[in-house]
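Working notes, structure below.
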Amino acid sequence: MFWSIMVLMLVCLVFAAIGGYVTFGQPKPGPVPEFDSHHALSQDAQTLGFPVREPELPDDWQSNSGRLERLGDHDASVVGWVTPSNTYVELIQTSADAQTLRQRGEHPRPDQRPMPLGGEEWTVYSGDDARDIWVLDEGDVRIAVSGQAGQSDFETMAEAAANVKPLPAN
């Protein structure tokens with residue numbers, strides 16, 4: 003009797019393990035969540051104490067997320083987009099200095115290099131285990147681009163953010 007119960011328990015454990023932890027095939031990508039970046043950035047322009055821009059991006063870029071983030075003693079507006087190549091780019095706007103942006107996240111970015119783009123001088127901060135962050139210092143605000151996209155998508159976002167006037171604050 004004891005051994006019969008043990009065998010049944012073992013069979014149950016095997017089925018539970020297979021049913022709970024094994025997935026056959028590749029995961030299917032779902033729809034990109036919709037996020038109203040225009041409304042979020044307009045609200046941020048009203049409430050944050052620095053100029054906030056709304057980049058004019060190609061129609062096939064879809065905003066999917068946004069939040070306010072604390073960087074040191076400063077607020078940051080963070081909005082993310084999914085690109086046509088199904089990668090992610092986020093735009094960070096803050097009054098925090100470039101060094102604070104450089105330290106954003108869990109991994110250090112000890113390396114830096116200039117990135118001239120569209121008549122502006124961006125600084126790219128990078129590290130072995132950290133995603134690159136591109137920072138443009140506009141005096142009263144830092145505009146930053148990060149994410150997991152390639153350089154051309156970073157350039158698209160960087161130029162779009164740098165070449166647009168701030169949203170009205172009132």
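Position one of the sequence shown corresponds to residue 3 (the numbering used here), numbered consecutively onward. Don't be surprised by glycine CBs; every beta carbon is placed ideally from N, CA and C. Model, not experiment: these values are computed from the prediction.
(request) With DSSP as the reference, please indicate the residues paired to S65 in a beta bridge. (result) Looking at the DSSP assignment, S65 forms a beta bridge with W83.
(message) Using a 10 Å radius around the Cβ and a threshold of 16 neighbouring Cβ atoms, would you call S148 buried or exposed?
(response) Classification of S148: buried, given that the 10 Å Cβ count is 16 or more.
(request) Measuring alpha carbon to alpha carbon, tell me which of A98, R144, V81 ends up nearest P35. (result) Taking only the C-alpha atoms, the option nearest P35 is V81.
(request) Out of E58, E140, G120, S128, state which residue places its alpha-carbon closest to the alpha-carbon of A98. (result) For the residues E58, E140, G120, S128, the minimum Cα distance to A98 belongs to E140.
(request) Note down, in chain order, each residue of its chain lying with its Cβ closer than 6 angstroms to the Cβ of D62, except the 5 sequence neighbours on either side. (result) Excluding positions up to five away in sequence, the list reads P86.
(request) May I ask which residues mark the beginning and end of the beta strand (DSSP E) holding R144? (result) Membership of R144 in the beta strand (DSSP E) is indicated by the continuous run 144-149.
(message) Taking only three categories from DSSP, how would you classify E161?
(response) Looking at E161 - three-state DSSP - the assignment turns out to be helix.
(message) Measuring only the C-alpha atoms, how far is R144 from D134?
(response) Going by the C-alpha atoms only, they are around 15 angstroms apart.
(message) Quick test of your reading: A146 and L103, contact by CB under 8 angstroms. State the CB separation rounded to the nearest angstrom.
(response) About 5 angstroms separates the two Cβ atoms, so the contact holds.
(request) Check whether the Cβ atoms of S79 and Q105 sit closer than 8 angstroms, and answer yes or no. (result) No; because the gap between Cβ atoms is not below 8 angstroms, this pair is not in contact.
(request) Return the CA-CA distance between S128 and L15, expressed in angstroms with no decimal places. (result) Distance between the alpha carbons of S128 and L15: 46 angstroms.
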